[in-house]
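Here the sequence shown is numbered in the working numbering, starting from 1 and rising by one per residue. Even glycine gets a Cβ: it sits at the ideal position worked out from N, Cα and C. Remember, predicted model here, so these are calculated numbers, not experimental data. To start, the structure itself, in C-alpha cells.
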Amino acid sequence: MDNNEKEKSKSELLVVTGLSGAGKSLVIQCLEDMGYFCVDNLPPVLLPKFVELMEQGNPSLRKVAIAIDLRGKELFNSLVAVVDKVKSESDVIIDVMFLEASTEKLISRYKETRRAHPLMEQGKRSLINAINDEREHLSQIRSIANFVIDTTKLSPKELKERIRR
1 MDNNEKEKSK SELLVVTGLS GAGKSLVIQC LEDMGYFCVD NLPPVLLPKF
51 VELMEQGNPS LRKVAIAIDL RGKELFNSLV AVVDKVKSES DVIIDVMFLE
101 ASTEKLISRY KETRRAHPLM EQGKRSLINA INDEREHLSQ IRSIANFVID
151 TTKLSPKELK ERIRR
C-alpha cells in the first residue's frame, strides 16, 4: 500500500467549534447528512478516548465530526492541548473548523432565537460582554484551526453549501 492509499484508509475527525450562535449545530446537521458520525457537545477531556475508539477500525467511525463549545467552560480550557496531543499521538486525521460571526450578527441571532448565551450567567452580564469574553476565550483554538468560516453574511442554506464543498 503506498502513502496515498494509507492516507485514504485513515479515519478522519473534524472538531467543529467557534462562537455560540455562529452555526455549529447547523454544520453538525449538514455533516451528518453527508455521512459523518456526529457528536454534539463532547467535553474536550473525552476526545482522546473517542479517538481511541476510532483507531479500533469501526467502519461507522471512519468520518466523525464532534462539536465542542463553551458549555463546559472549565473543561474547554484544555481543548488546544488535547487537540495537539491527539494529533501527535494518533493515526487519525484531525482537522479543526472554527465558526465565527460579527458581534452585531450574533446579537441579532440571539434576539431571534430568544436563547441565552452560555456565558451570560443568568443575567449577570450583558450579551455583548458574553460574546466579547467568548471571542477572547476562543482565540487560542481559532489560531490552530484548519478552517475558519465567518458566517456573518451567510444564510443557513449558503453555510450548508459551503460545508458540502
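**Report entry** Distance between beta carbons of residue 141 and residue 82, contact taken as under 8 Å
**Finding:** Incorrect: roughly 10 Å between the Cβ atoms, too far for contact.
Query - Through-space distance from residue 125 to residue 162, alpha-carbon basis - result: Taking the straight line from one Cα to the other gives about 34 Å.
Requested in this report: Please go through the segment 27–86 and give each complete beta strand (DSSP E) segment of 3 or more residues, from N-terminal end onward.
Outcome: You should have 37–40, 63–67.
Query raised in the report: With burial defined as no fewer than 16 other Cβ atoms inside 10 Å of the residue's Cβ, what is the status of residue 6: buried or exposed?
Result: Model confidence at residue 6 stands at a pLDDT of 46, short of 50, so the residue's coordinates are unreliable; what they give is reported in the following sentence. A residue is called buried once 16 or more other Cβ atoms fall within 10 Å of its Cβ, and residue 6, having fewer, is exposed.
Requested in this report: Run the CB neighbour count on residue 98, radius 10 Å, all protein chains shown included, and call it buried at 16 or more, exposed below.
Outcome: buried
Query raised in the report: Going by C-alpha distance, which of 156, 53, 157, 22 is nearest residue 37?
Result: 53
Report task. Determine the closest residue to residue 151 out of 101, 131, 89, with distance taken between C-alpha atoms. Result -> Nearest to residue 151 by C-alpha distance, out of 101, 131, 89, is 101.
Report task. Indicate the three-state DSSP secondary structure (helix, strand or coil) for residue 5 in the structure shown. Result -> Because residue 5 sits at a pLDDT of 45, beneath the cut-off of 50, its placement in the model cannot be relied upon, and the point is left open.
Requested in this report: Verify whether the separation of the beta carbon atoms of residue 24 and residue 67 is less than 7 Å.
Outcome: yes
Report task. Output the boundary residues of the beta strand (DSSP E) element that contains residue 171. Result -> Outside the shown range of the chain (1 to 165) lies residue 171, about which nothing can therefore be said.
Query raised in the report: Are the CB atoms of residue 106 and residue 131 nearer to each other than 7 Å?
Result: Taking 7 Å as the Cβ cut-off, residue 106 and residue 131 qualify as a contacting pair.
Report task. Quick one: give me the first and last residue of the beta strand (DSSP E) that residue 94 is part of. Result -> 93–100
Query raised in the report: Should residue 12 and residue 93 be called a contact, given that it needs their Cβ atoms to be closer than 7 Å?
Result: yes
Query raised in the report: Can you list, in chain order, the residues of its chain whose CB lies under 6 Å from that of residue 4, leaving out five sequence neighbours each side?
Result: With a pLDDT of 48 at residue 4, under the threshold of 50, the predicted position of this residue should be treated as unreliable, and no value is reported.
**Report entry** First through last residue of the beta strand (DSSP E) which encompasses residue 13
**Finding:** Boundaries of the beta strand (DSSP E) harbouring residue 13: 12–18, taken from the DSSP string.
Requested in this report: Specify, as a first and last residue, the run of the alpha helix (DSSP H) that residue 172 falls within.
Outcome: The requested residue 172 is not part of the displayed model; the chain covers only 1 to 165.
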